[in-house]
Amino acid sequence: MSQNDEDKLTAMLRSRRTEAARPDLAARIILRAQGMPQVQNYSLWQSLRQLFAELHLPKPGYVLTTALVLGMFLGFSTAPQTAASTDSDSNYAESFLADAEGLL
Amino acid sequence: MPAAWPDKDDSELLALVQDGSHPAFAALVERHTDRFYRLAFRYLQNRQAAEDVVQDAFLKLWEDPAKWQPDKNSRFTTWFYRVVVNLCLDWQKRKRPMELSEGMTLIDDRESADQMMLRREQQRILEQEIAALPERQRTALNLCFDEGISNQEAAEVMGINLKALQSLLMRAKTTLKERLKSYL
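What follows is the structure, encoded as structure tokens:
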């Protein structure tokens, strides 16, 4: 292929014409967008805030919920200790009974 | 409608669009509609289709402006060129090739009727041959011969390096030279 062909082709490609868009294209796009809602992409934190904003609980409600959650948490965390002390109590009772039987 | 906010760059406008600002969106549309329309027209060779594609692209941006992330995507225009190209390719897959628009003007006042006919025919054949090129070669050609876009930016739009782009361009031109022999 000659350089001449290359130049001619480049000239042809550069002279490709476009039919102009209608002058109100931008205005039409803007107008259409005005009637369209945007997609809301909330993060986890924003979703929580949104949830609380929508719930609108009175303050005592939050206090009560917090107290309940705290109570459950404490209850669960102290349960094994209670169980352990119950075990030691029953061991003590068994050894006491065994001693008593021995006396009898 | 507000003026095109020349003091704000695209990323600043997009930050406002993400907060739901209609005037910022309007400024962005007014600033870029012509260039993206031109690219869409080069693909689709039909005014109505090109307008629909550009409108679709901008409305998608309005609906979910968070799709453009300044840290992930380079320039807004580079990213948006890609959006428009993809929409054009989708459109072409759905609908088969179209005739050149009737209103397409190729007239130069200094040309005689014969010259004008010849140029019109050349233009028609050129568009036909470009449309027959493989997708990536066609994209490379459409991006690089669109004024205002550098080869580097075109490579970024296509997600390839500069050498690969130049190779695509060379293959496209070789094919076109072969097929347009009688017009060169």
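Chains as they are written, first to last, in my numbering: chain A, 1174 to 1277; chain B, -9 to 174. Every residue gets a Cβ at the ideal spot worked out from N, C-alpha and C, and that includes glycine.
Task: Three-state class that DSSP yields for Gln118(B) in the structure shown - done: Residue numbering aside, residue 118(B) sits at position 128 when the second sequence is read from its first letter. In this structure, Gln118(B) counts as helix in the three-state DSSP scheme.
Task: Residue-level contact to chain B via CB, Val1242(A), 8 Å cutoff - done: One-based indexing of the first sequence puts residue 1242(A) at position 69. No, because no Cβ of chain B sits closer than 8 Å to the Cβ of Val1242(A).
TODO: Check each candidate in Ala17(B), Glu168(B), Pro60(B) and name the one with the smallest Cα separation from Leu116(B).
DONE: As a first step, residue 116(B) is located in the second sequence; it is residue number 126 there, counting from the start. For Leu116(B), the nearest C-alpha among the options comes from Glu168(B).
Task: Alpha carbon of Arg28(B) to alpha carbon of Arg1222(A), nearest angstrom - done: As a working note, residue 28(B) is residue 38 in the second sequence. As a working note, residue 1222(A) is residue 49 in the first sequence. A direct Cα-to-Cα measurement between Arg28(B) and Arg1222(A) gives close to 44 Å.
Task: Among Asp104(B), Leu159(B), Tyr71(B), nearest to Ile197(B) - alpha-carbon criterion - done: Any answer about residue 197(B) is impossible in this case: the structure gives chain B only from -9 up to 174.
Task: Alpha carbon of Glu146(B) to alpha carbon of Leu152(B), nearest angstrom - done: Locating residue 146(B) in the second sequence gives position 156, counting from the first residue. Locating residue 152(B) in the second sequence gives position 162, counting from the first residue. Cα-Cα distance, rounded: 8 Å.
Open item on the list: Determine, for Glu1227(A), whether the minimum Cβ-Cβ distance to residues of chain B falls below 8 Å.
Closed with: Here residue 1227(A) refers to the residue found at position 54 when the first sequence is read from its first residue. For Glu1227(A), no CB of chain B lies under 8 Å from its own CB, so it is not counted at the interface with that chain.
Open item on the list: So, for Cys134(B): in the same chain, excluding its five sequence neighbours on each side, which residues have a beta-carbon less than 7 Å away from its beta-carbon?
Closed with: Here the question's residue 134(B) lines up with position 144 in the second sequence. If the five residues before and after Cys134(B) are omitted, its C-beta is found closer than 7 Å to the C-beta atoms of Asn141, Ala144, Leu159, all from its own chain and listed in chain order.
- [ ] Report the rounded CA-to-CA distance for Leu77(B) versus Thr129(B), giving the unit in angstroms.
- [x] Residue mapping note: residue 77(B) aligns to position 87 of the second sequence, counting from 1. Residue mapping note: residue 129(B) aligns to position 139 of the second sequence, counting from 1. Cα to Cα, Leu77(B) sits roughly 12 Å from Thr129(B).
Open item on the list: If the criterion is Cβ atoms closer than 8 Å, does the pair Asp0(B) and Phe66(B) meet it?
Closed with: Taking the first residue of the second sequence as position 1, residue 0(B) is located at position 10. Taking the first residue of the second sequence as position 1, residue 66(B) is located at position 76. In contact: Asp0(B) and Phe66(B) (Cβ atoms closer than 8 Å).
Task: Integer Cβ distance of Val44(B) from Ala30(B), believed to fall under 8 Å - done: For this step, residue 44(B) is matched to residue 54 along the second sequence. For this step, residue 30(B) is matched to residue 40 along the second sequence. Right, the Cβ-Cβ distance comes to about 5 Å (below 8 Å), so this counts as a contact.
Open item on the list: If you measure between the beta carbons of Ile120(B) and Leu131(B), is that distance less than 8 Å?
Closed with: As a first step, residue 120(B) is located in the second sequence; it is residue number 130 there, counting from the start. As a first step, residue 131(B) is located in the second sequence; it is residue number 141 there, counting from the start. Cβ distance < 8 Å, so Ile120(B) and Leu131(B) count as in contact.
Task: Contact list for the region 3 to 25 of chain B against chain A, Cβ threshold 8 Å - done: Per Cβ criterion, the list reads Gly10, His12, Phe15, Ala16, Val19, Glu20, Thr23, Asp24.
Open item on the list: For Thr95(B), would you say it is in contact with chain A, using Cβ-to-Cβ distances shorter than 8 Å as the test?
Closed with: Looking up residue 95(B) in the second sequence gives position 105. Here the model assigns Thr95(B) a pLDDT of 48, short of 50, so the residue's position is not dependable, and the following value carries that caveat. True, the Cβ-Cβ gap to chain A drops below 8 Å.
Open item on the list: For chain A, check one thing: does any of its Cβ atoms lie closer than 8 Å to the Cβ of Met(-9)(B)?
Closed with: Along the second sequence, read from residue 1 onward, the residue named residue -9(B) stands at position 1. Below a pLDDT of 50, predicted positions are generally treated as unreliable, and Met(-9)(B), at 48, falls in that range; no measurement from the model is reported.
Task: For Val7(B), the nearest candidate out of Arg37(B), Pro55(B), Ala40(B) (CA to CA) - done: Looking up residue 7(B) in the second sequence gives position 17. In this structure, Pro55(B) is the residue among Arg37(B), Pro55(B), Ala40(B) with its C-alpha nearest to the C-alpha of Val7(B).
- [ ] Excluding the 5 residues preceding and the 5 following Arg126(B) in the sequence, name in chain order all residues of the same chain whose CB lies nearer than 6 Å to its CB.
- [x] As a working mapping, residue 126(B) is identified with position 136 in the second sequence. Only residues of its own chain outside the window of five on either side were considered, and among them Leu158 have a CB closer than 6 Å to the CB of Arg126(B), listed in chain order.
Task: Cβ pair Leu170(B), Leu1182(A) closer than 8 Å - done: For the purposes of this step, residue 170(B) is taken as the residue at position 180 of the second sequence. For the purposes of this step, residue 1182(A) is taken as the residue at position 9 of the first sequence. A contact, by the Cβ cut-off of 8 Å.
- [ ] Please determine, among Leu4(B), Tyr33(B), Met106(B), Phe26(B), the residue with the shortest C-alpha to C-alpha distance to Lys83(B).
- [x] Here residue 83(B) is taken as the residue at index 93 of the second sequence, counted from 1. The shortest Cα separation from Lys83(B) among Leu4(B), Tyr33(B), Met106(B), Phe26(B) belongs to Tyr33(B).
- [ ] Return the residue from the list Pro13(B), Glu111(B), Lys50(B) that minimises the CA-CA distance to Met1209(A).
- [x] Taking the first sequence and counting its residues from 1, the one referred to as residue 1209(A) is at position 36. Comparing alpha carbon positions, the residue from Pro13(B), Glu111(B), Lys50(B) closest to Met1209(A) is Lys50(B).
Task: Contacting residues, own chain, Cβ-Cβ under 6 Å from Phe15(B) (five flanking each side not counted) - done: Position 25 of the second sequence, counted from the first residue, corresponds to residue 15(B). Closer than 6 Å at the Cβ level, and outside the excluded window around Phe15(B), lie Val7, Trp52.
Task: Trp81(B) beta carbon less than 8 Å from that of Ala39(B) - done: Sequence index remark: in the second sequence, residue 39(B) carries index 49 (1-based). Sequence index remark: in the second sequence, residue 81(B) carries index 91 (1-based). Yes, they are a contact pair.
Task: For Met107(B), three-class secondary structure by DSSP - done: Reading the second sequence from its first residue, position 117 is the one you call residue 107(B). Three-state DSSP puts Met107(B) in a helix.
Open item on the list: Tell me the DSSP secondary structure of Arg37(B) in three-state form.
Closed with: Mapped onto the second sequence, residue 37(B) falls at position 47. Helix.
TODO: Compare the beta carbon distance of Trp58(B) and Leu4(B) with 8 Å and say whether it is the shorter of the two.
DONE: Sequence index remark: in the second sequence, residue 58(B) carries index 68 (1-based). Sequence index remark: in the second sequence, residue 4(B) carries index 14 (1-based). Yes. Within cutoff.
TODO: Assign Val74(B) to buried or exposed, taking buried as 16 or more other Cβ atoms, counted over all protein chains shown, within 10 Å of its Cβ.
DONE: Along the second sequence, read from residue 1 onward, the residue named residue 74(B) stands at position 84. Buried: at least 16 other Cβ atoms inside 10 Å.
Open item on the list: Counting only Cβ pairs nearer than 8 Å, list the residues of chain A close to Pro55(B).
Closed with: Position 65 of the second sequence holds residue 55(B). The contacting residues are Gln1211.
Task: Contacting residues, own chain, Cβ-Cβ under 7 Å from Leu155(B) (five flanking each side not counted) - done: The residue labelled residue 155(B) in the question sits at position 165 within the second sequence. If we look at Leu155(B) and ignore the five residues flanking it on each side, its Cβ neighbours are Ala130, Asn141, Ala144, Ala145, Met148.
- [ ] Note down, in chain order, every chain A residue with its Cβ under 8 Å from the Cβ of Phe66(B).
- [x] Walking along the second sequence from the start, residue 66(B) turns up at place 76. Under the 8 Å cutoff, chain A gives no residues; its nearest Cβ is about 16 Å from Phe66(B).
- [ ] Go ahead and label Arg1189(A) buried or exposed: buried means 16 or more other beta carbons lie within 10 angstroms of its beta carbon, across all protein chains shown.
- [x] Here residue 1189(A) refers to the residue found at position 16 of the first sequence. Burial call: buried.
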